[in-house]
Structures are given as C-alpha cells and as structure tokens.
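Asks:
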Amino acid sequence: DAKTTQPPSMDCAEGRAANLPCNHSTISGNEYVYWYRQIHSQGPQYIIHGLKNNETNEMASLIITEDRKSSTLILPHATLRDTAVYYCIVRAVSGSARQLTFGSGTQLTVLP
Amino acid sequence: GAGVSQSPRYKVAKRGQDVALRCDPISGHVSLFWYQQALGQGPEFLTYFQNEAQLDKSGLPSDRFFAERPEGSVSTLKIQRTQQEDSAVYLCAVASARGSYEQYFGPGTRLTVT
C-alpha cells in the first residue's frame, strides 16, 4: 500500500470547516483513499473512501486531486465531538480482505 | 461500532504472565483482524481471519503471540510470558465480506505489563 503523509496536528474553530490534507504521491491506479478517525479511548471509525471522484456522505466530504497524489477530508461544520486523530490510508481492495496500514495521523482539535 | 465487543477493557499483567484477550463480534462478519496500538501511534496489523481460517499472521511480533477463531465468530488473542513491550491497546476489527471497504473496530483492550 502507498505511503501517506499528514500534518501531525491541526486546530479548527467550532462551527468552521475543518480541512485535513493528505499526501499520497506514490498511489497506484487500483488503490483507494480511506479516512478513519479515532476519538480518545475508542477504536477507529470509518469516515469515507474514494478512488478518483469526490465523495460526500453524512459525515464528511473527500476531495481527491486529478492526479490522485493528494486529497483533503472536509468536515463542513466541525463540533467539539470531532476532536480526534484522523488517519488517511491508501489501500487496494482485491478479492480478499486486507488489513489497514495506519500512519501517525493528524490530531484535530476543535476549539470552542 | 457495528456490535464488536472486546473483553476485558483493561488488563494489568505481571511480567511473565499469560493473558487472553477476547473479541466478540455480532454474527455475519467473515473477516476479523487484530491490531496492536502503542501509545501515541497508529494501530499496527497483527493477524487476519477469514471465518475460522487464519490467513495472515505476518504481523504477530513473536511466537509468544497466538490467535484463534475456532468457530468463525469469537476470536481470542493470547500472549504468553508477557513482556513490558507488549503493553499496548489491542484492537479487534471486522468486515462483512471479502474486500469490504469498511472495517468496524471494537473499543480495544488496554494491556499494561508491569
């Protein structure tokens, strides 16, 4: 799986959009971009994934650049409960299940 | 998430003691993963089951670590002769089908070896 690079920490004001960047310059054609988050003392939670098109769900939006070498996770209206470590993961999905390779992630702190 | 429970939530073991950590998912999850998360780091893969078959154990750090899922549902991770470096959170995750996009994680077991 391709390596990802994320800033170690970010702050965001409550109610504002949180934009979390991820660099994955070595991504290959069959690899998806996944985002998970981990709130303190909980297991990681799936947020969203995409291949090349932008994606949106009830939690967040995922913007992937045209060359697929980077992406941004957007939380449109951050709340205090969004404070967590956010992991960007690149993973190929084949016929058999594969493990997730987590990096160090970005600690997002939403400030009141 | 998605009905994955782990027990115990916290375990303190003396160095050299054996421990058993349990993962209890709701039925229907073909794939089961164990991860180890050291303090301040992201989770790291340990082993993977598809039903009762252990298909990948490449992440187990030593032969003191052993995992089983005999009936394709509940899984147990056993650590023999625990060492201080085994102190970590052990996470169990499940996925509903092969190649599933989403993994559902339990809350983890925090193991402290003294």
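As given, the protein sequences belong to chains A and B, one line each in that order.
If you're matching positions, the first sequence starts at 1 in this note's numbering and goes up one per residue.
If you're matching positions, the second sequence starts at 1001 in this note's numbering and goes up one per residue.
Yeah, the Cβ is synthetic: ideal placement off N, Cα and C, and Gly gets one too.
(1) When you check each C-beta in the stretch 40-70 of chain A against every C-beta of chain B, which residues fall closer than 7 Å?
(2) For B:Leu1077 versus B:Ala1020, is the C-beta spacing smaller than 9 Å?
(3) Does any residue of chain B bring its CB to less than 9 Å from the CB of A:Tyr34?
(4) Can you grab the Cα-Cα spacing for the pair B:Asn1051 / B:Gln1017, in whole Å?
(5) Taking all protein chains shown into account, decide if B:Thr1082 is buried (16 or more other Cβ within 10 angstroms of its Cβ) or exposed.
(6) So what does DSSP say about B:Glu1085, is it helix, strand or coil?
(7) Less than 9 Å separating the beta-carbons of B:Tyr1101 and A:Tyr32?
(8) Between which two residues does the beta strand (DSSP E) harbouring A:Thr72 extend?
(9) Using alpha carbons as the reference points, say which of B:Phe1065, B:Gln1054, B:Val1004, B:Tyr1048 lies closest to B:Glu1085.
(10) In the DSSP output, what is B:Arg1110 paired with across the bridge?
(11) Strictly below 9 Å CB to CB, what residues from chain A border B:Ala1010?
(12) Opposite B:Gln1121 in the DSSP bridges: which residues?
(13) Can you tell me whether DSSP reads A:Gly95 as helix, strand or coil?
(14) Quick check: does the Cβ of B:Arg1009 come within less than 8 Å of any heavy atom belonging to the ligand SAH?
(15) Going by C-alpha to C-alpha distance, which of B:Val1113, B:Cys1092, B:Thr1109, B:Arg1110 sits closest to B:Gln1103?
(16) Would A:Val90 and A:Gly105 be called neighbours here (beta carbons separated by less than 9 Å)?
(17) Excluding five sequence neighbours on each side, which residues of the same chain lie with their C-beta closer than 7 Å to the C-beta of A:Leu108?
(18) Are the Cβ atoms of A:Pro174 and A:Ser61 separated by less than 9 Å?
(19) Would you mind sorting B:Gln1041 into buried or exposed? The rule is 16 or more other CB atoms within 10 Å of its CB.
(20) Distance check for A:Ile27 and A:Thr65, CA to CA, integer angstroms please.
(21) Quick one, which of A:Ile63, A:Val110, A:Asn57 has its alpha-carbon nearest A:Thr79's?
(22) Contact criterion: CB-CB distance below 9 Å. Does B:Val1004 meet it with respect to chain A?
Replies: In brief:
(1) Cβ contacts with chain B: Gln42, Gly43, Pro44, Gln45, Tyr46, His49.
(2) Yes; because the gap between Cβ atoms is below 9 Å, this pair is in contact.
(3) Closer than 9 Å to some Cβ of chain B, the Cβ of A:Tyr34 qualifies, so yes.
(4) Whole-angstrom Cα-Cα distance: 29 Å.
(5) So B:Thr1082 counts as buried.
(6) Correct three-state label for B:Glu1085: helix.
(7) A Cβ-Cβ contact shorter than 9 Å links B:Tyr1101 with A:Tyr32.
(8) Here the beta strand (DSSP E) through A:Thr72 covers 70-75.
(9) The shortest C-alpha separation from B:Glu1085 is found at B:Phe1065.
(10) The partner list for B:Arg1110 (beta bridge, DSSP) reads B:Tyr1010, B:Val1089.
(11) Note that residue 1010 of chain B is Tyr in the sequence shown here, rather than Ala. Per Cβ cutoff of 9 Å: no residues; B:Tyr1010 is ~11 Å from chain A at best.
(12) What the structure shows of chain B is the stretch from 1001 to 1114, and residue 1121 of chain B is not part of that stretch, so it cannot be assessed.
(13) With a pLDDT of 48 at A:Gly95, under the threshold of 50, the modelled position of that residue is not reliable, and the figure given next carries that caveat. In this structure, DSSP gives A:Gly95 a state outside helix and strand, which the three-state scheme calls coil.
(14) Within the structure as shown, the ligand SAH is missing, as the structure has no ligands at all.
(15) Out of B:Val1113, B:Cys1092, B:Thr1109, B:Arg1110, B:Cys1092 has the C-alpha closest to the C-alpha of B:Gln1103.
(16) Judged by their CB atoms, A:Val90 and A:Gly105 are not nearer to each other than the 9 Å cut-off.
(17) Sequence-distant partners of A:Leu108 (beyond 5 residues in either direction) whose C-beta falls short of 7 Å from its own C-beta, in its chain, are Met10, Cys12, Ala18, Leu20, Asp82, Thr83, Ala84, Tyr86.
(18) Outside the displayed range of chain A (1 to 112) lies residue 174 of chain A, so it cannot be described from this structure.
(19) So B:Gln1041 ends up on the exposed side.
(20) Each residue's alpha carbon lies about 12 Å from the other.
(21) The residue from A:Ile63, A:Val110, A:Asn57 with its alpha-carbon nearest to that of A:Thr79 is A:Val110.
(22) Interface residue, yes.
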